[in-house]
Structure formats: structure tokens, C-alpha cells
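Peer 1: For the sequence shown, the numbering used here assigns the number 110 to the last residue and increments by one with no breaks. Built from N, CA and C at the ideal position, the CB exists for glycine as well. The structure presented is a predicted model; accordingly, all values stated were derived computationally and were not measured. One structure, pasted below without further comment.
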Amino acid sequence: MEKEHFEILLEHIENKMQLVLEGHVALDRKFDSRFEELNEKIEHNSFLIGVLNKKIDDVDAKLGQKIDDVDAKLSNKIDAVAADLSAHRVDTEAHYGIYRVKEG
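And the structure:
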């Protein structure tokens with residue numbers, strides 16, 4: 007009787023081990039599935055980040071060019087005002103008796 011009882015107990019243990027192994031296989035498949043989904047999302051996000059970086063670089067280049075253009079225009083205008091002011095001063099100083107230039 008002990009041998010039969012022991013064989014039944016071993017068979018029961020074997021069935022339980024089989025269930026545990028099947029559970030591990032199911033979990034392994036589930037993990038693999040989740041990792042694949044996560045990798046797809048990461049690849050998609052990496053693509054979107056690349057597109058966004060390109061757009062940012064394009065905007066940066068355009069703004070840099072516009073800033074350079076505005077700087078050049080302002081420099082030209084400031085130089086023109088300085089030249090006009092210098093010419094006006096020379097003209098004013100030429101009429102010393104009529105106009106006086108006072109330094110502030």
C-alpha cells in the first residue's frame with residue numbers, strides 16, 4: 007500500500023509541476039508579447055522625435071536667418087542715421103554764428 011500511495015503522490019506532484027511549467031510558458035509568452043509591443047512603441051516614438059527634431063532644426067535655421075536679416079537692416083539704418091547726424095552737425099557747425107552745438 008505504501009508503494010501505491012507513493013506512486014499516487016509522485017503522480018500528483020508531477021501534475022502540479024506540469025501546471026507550474028505551463029504557467030511559466032504562458033508568462034514567458036506574455037512577457038515576449040509585451041516586450042514586442044513596447045519595442046514597437048519605442049521605435050514609433052523615436053521616429054516621431056526624429057521628425058520633431060528636424061522641424062525644430064528647420065525653424066531654428068529660419069529664425070536665425072531672419073534675425074541676421076533684421077540685424078543687417080538695423081545696422082544699415084543706424085549707420086544711415088549716424089551719417090545724417092554727422093552731416094547735420096557739420097552743417098550746423100558751419101553756421102557757427104547762427105547755430106550753436108552744445109554738448110550735453
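1. When the Cα atoms are used, what is the spatial distance from residue 78 to residue 90?
2. Measure the alpha-carbon distance for residue 34 versus residue 21 and round it to whole angstroms.
3. Quick one: does the C-beta of residue 89 sit closer than 8 Å to a heavy atom of the ligand FAD?
Peer 2: So, from the data block:
1. Looking at the two C-alpha atoms, the distance is approximately 18 Å.
2. In this structure, the alpha-carbon of residue 34 lies about 20 Å from that of residue 21.
3. Looking at this structure, you won't find the ligand FAD or any other ligand, since it has none at all.
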